[in-house]
Structures are given as structure tokens and as C-alpha cells.
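In the working numbering, the protein residues as written are 514 to 903. In this text, a Cβ means the ideal position worked out from N, Cα and C, and glycines have one as well.
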Ligand SMILES: Cc1ncc(COP(=O)(O)O)c(C=O)c1O
């Protein structure tokens, strides 16, 4: 029996540990080995002519690939999953599977910015028109549909500003109008939110973040329900996308411990967010698990937890003060990406969005890692002290 049989009644951490593992097929070894390979040999001419072989070519599948896709199918409740070489390639491939020339696309205004850039450049060049909607729109999205609207791209909470979207309301309308619903679910991971259970047709993960969890891999996944799977599989195959087996192995290794890591990110992230809320330098903390957050009711209704990523808006302060704050909080490394074991901070602006910005002071996105909370708050306090001196 494989490690992932009889799965329906098990808890999420048991799924994480056992999903996609078949020690009996690997001489008892716990982890699926890394299969490096392009060519796969057929045993006989009969097999060759009948294409009778489990794996026919490295790009089309391997036990390493199967281990991750099987695990993601189980976690996402999906019909099928494809693996991609980055989170952004997962976003763009999902869009290419959903729309074509002459189609209209609805995209949340607070999606990950390179997603928007893809819509405004490549998709536009291929004849797809995009309208950006207010992420708080909910059922009001009905007014934005046109006869040729073929897909809605959601990301909840949104990048940088963390607006929660009412996915069930949006998906009900989209499906009534014959459109597919896509969701970038990187923030919550399938552990804290399962988009396919709430009406999405395609669920996207930048596995670079929490799945891998150690800031050493770029990888993406798209998981599809039954309706969307044939188009996704075909588009992924046509694009010739192939992800290195070492990176797939590292993503699988990260997946096994994602439950304990995320529980800690949730706890520490919220503790740091609450600490920041009380600071005199802070205007606003944007974190949907805070009771004060406008998206809290939706987060509580639909999500099982929060990850370690949120934003803070400071009261207006000089540019020198901002730099002193960033340089003064040394445990929060300055760098892009998130989801690893380490704490990070980056400043952001919302220029380039369609909706007017509500930010008045400087804003920062924080990733709270696995360090001790007391050290992190002491570190931020040192940053604020440096800011005051600047
Ligand atoms: C929400 C979201 N989706 C997708 C991506 C893209 O992932 P990758 O960096 O692996 O391309 C990111 C990266 O920061 C992200 O924040």
C-alpha cells in the first residue's frame, strides 16, 4: 500500500507527510529519488510501436514529477497538477490556458505586479483585453462582465495591500457567465485555503515561497478541477515547460514540514502585527487575521490560518527616516520573495494600479520568519529608534 492511500479522513499534517510518497516502489526509501533524464528506453519494438511505457520522455513525466503532482492533487483536491519553473510561469501558463484572442479578462487590481505586466504586454499583443477590478468588489463583479469575458484572475489576500476577496461570490457569477476562475493562492497555501473547494477552477502556487520554504528554489504549480484540467494539461505540454528534478525534490522536502512552519509563521506574524499596531509610528497594519482589518470577516469565514506576510503603513516620515528604519532593523533582511525561514522587509508603493492609492505614509511588506518573536520586535524597535534619530 502506498503512503498516501486511505486519505480522506486524515488531518492536514498527515497529508503533508504522506502525500505522493511510495516507499514500496523505491526499495523502501522514504523519499522519491531524483530522476534525471530525457530519454527513456522501451523494452521491445512492440512496446515502442504501441507506445507501451509508463514514462516516455523526461519532459512528459517521471516518478519525481509524479510525487509532487500527486501530493498537490491531494492537498488541493484537484483533478490534475502541473509543475513549472517559477511562480510567475505558473501565473502566466494558467492565463494562457484560460484565454485566447478576442477574449476579455478580469484581473484583481492588487495581483502580483508581474502578472499585471504580462496581461498588459504579452496578452494584449495576442488580442486579450484586461479590465482590473477593485479586489473588494464581491458580487458587484457581475457589472464588469462582457459577452466575451472568459476568465477572472483572483489573488486573496492581494499582493502588498492584502485585500480579501469574496471568492465564492465571484466564482458563482463567473460560472453563471461561462468564465473560468483562477486564483493565486500562494499566501495561504492549500493548507489554509483550498481555492477549488470555494469555486476556483485553477489554483496557483508560487512554490518558491512556503512549499519550498528555504529561499533556495524557484518553482510553481497549477492545480485544476475536472473542467479545467484538459486545457491546462494541453497548454503546459504545448509550452514545453520542464522543471529541474532537483528543484522538485527540494519542493517535496519542503512540503513535508510546511504544516509546522506555517503554524509558526501564523503565530509569530500575528504577534508582530499586533505589536506594530500599538506603535506610535504606525498608521495601519494590513493583515487579514487582525480583527481591525476590513477583510477579517472573509478571512475568518473561509481561511484556516494566516501566513507570515503582511504590510505596515507608517505615519509620514522623511526619506532619511525610512532608510534609517530599514538599516536599523537588521534581522529583517532587505530582499524580494518571501516564504522562507527568514524575516524580510521591503518598501512598496501601489503606483501603476487602476484604483487610487489609500497610502499616505511609507509602506513596507514584512515577512515574519521562524526567529523568536521577542528578537524580531526588539529588532523593529531598534529600527524605530534609528528612524527617530535620523
Ligand atoms: C503572490 C505571488 N505570486 C507569484 C509570485 C511569483 O513567484 P516566483 O518568484 O516563483 O516567480 C510571487 C513572487 O513574489 C508572489 O508574491
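Through-space distance from residue j to residue i, alpha-carbon basis
i           : j           : result
residue 723 : residue 788 : 24 Å
residue 817 : residue 772 : 12 Å
residue 830 : residue 582 : 47 Å
residue 749 : residue 790 : 44 Å
residue 550 : residue 560 : 20 Å
residue 765 : residue 580 : 8 Å
residue 622 : residue 658 : 16 Å
residue 599 : residue 731 : 5 Å
residue 564 : residue 814 : 49 Å
residue 776 : residue 853 : 14 Å
residue 844 : residue 903 : 20 Å
residue 701 : residue 719 : 11 Å
residue 620 : residue 666 : 5 Å
residue 741 : residue 616 : 17 Å
residue 533 : residue 584 : 4 Å
residue 743 : residue 655 : 27 Å
residue 587 : residue 535 : 14 Å
residue 691 : residue 610 : 15 Å
residue 647 : residue 746 : 31 Å
residue 769 : residue 704 : 12 Å
Beta strand (DSSP E) segment containing residue i, residue limits
i           : result
residue 815 : Where residue 815 is concerned, there is no enclosing beta strand (DSSP E), although the alpha helix (DSSP H) it sits in stretches over 809-815.
residue 535 : Unbroken run through residue 535: none, as it is neither H nor E.
residue 796 : 795-799
residue 594 : 593-597
residue 825 : 822-827
Close Cβ partners of residue i (< 8 Å) along its chain, the five nearest in sequence each way excluded
i           : result
residue 862 : 870, 872 and 876
residue 614 : 639, 640 and 641
residue 605 : 628, 631 and 635
residue 573 : 750
residue 651 : 678, 679, 682 and 683
residue 633 : 643
residue 626 : 672 and 865
First through last residue of the alpha helix (DSSP H) which encompasses residue i
i           : result
residue 781 : 771-790
residue 487 : With the chain running from 514 to 903 in the structure shown, residue 487 is simply not present.
residue 578 : 576-589
residue 881 : Where residue 881 is concerned, there is no enclosing alpha helix (DSSP H), given that its DSSP letter is neither H nor E.
residue 545 : Premise fails: residue 545 is in no alpha helix (DSSP H) and is neither H nor E.
residue 894 : 886-902
residue 802 : Unbroken run through residue 802: none, as it is neither H nor E.
residue 658 : First-last for residue 658: undefined, no H or E at that position.
residue 835 : 832-841
Residues near residue i by beta carbon distance below 7 Å, same chain, minus five either side
i           : result
residue 767 : 724, 725, 726 and 727
residue 649 : 676
residue 707 : 589 and 590
residue 786 : 798, 800, 803 and 823
residue 738 : 591, 592, 709 and 714
residue 847 : 839, 858 and 859
residue 827 : 794, 795, 796, 874 and 875
residue 568 : 553, 574 and 575
residue 756 : 596, 597, 598 and 732
residue 570 : 551 and 553
residue 469 : Within the shown structure, residues of the chain are numbered from 514 to 903, placing residue 469 beyond reach of any answer.
residue 762 : 547 and 577
residue 851 : 722, 822, 857 and 880
residue 868 : 622 and 647
Cut-off 6 Å between Cβ atoms - residues of its own chain near residue i, not counting five sequence neighbours on either side
i           : result
residue 618 : 612, 641, 643 and 664
residue 886 : 781 and 784
residue 716 : 589, 696, 698, 708, 709 and 736
residue 681 : 711 and 712
residue 821 : 778, 782, 880 and 881
residue 687 : 665 and 694
residue 913 : With the chain running from 514 to 903 in the structure shown, residue 913 is simply not present.
residue 893 : 842
residue 526 : 772
Residue burial classification, residue i (beta-carbon count within 10 angstroms, cutoff 16)
i           : result
residue 514 : Bear in mind that the predicted position of residue 514 carries a pLDDT of just 40, short of 50, making it too unreliable to give a figure here.
residue 908 : No answer is possible for residue 908: the residues shown for the chain start at 514 and end at 903.
residue 711 : buried
residue 778 : buried
residue 543 : exposed
residue 562 : exposed
residue 811 : buried
residue 557 : exposed
residue 538 : exposed
residue 566 : exposed
residue 524 : exposed
residue 528 : buried
residue 672 : buried
residue 864 : exposed
residue 901 : exposed
_Uninterrupted beta strand (DSSP E) stretches inside the region 672-758 (no shorter than 3 residues)_ = 693-697, 715-719 and 733-737
*asked:* Runs of 3 residues minimum, wholly inside the region 612-642: which ones carry the beta strand (DSSP E) assignment?
replied: 617-621
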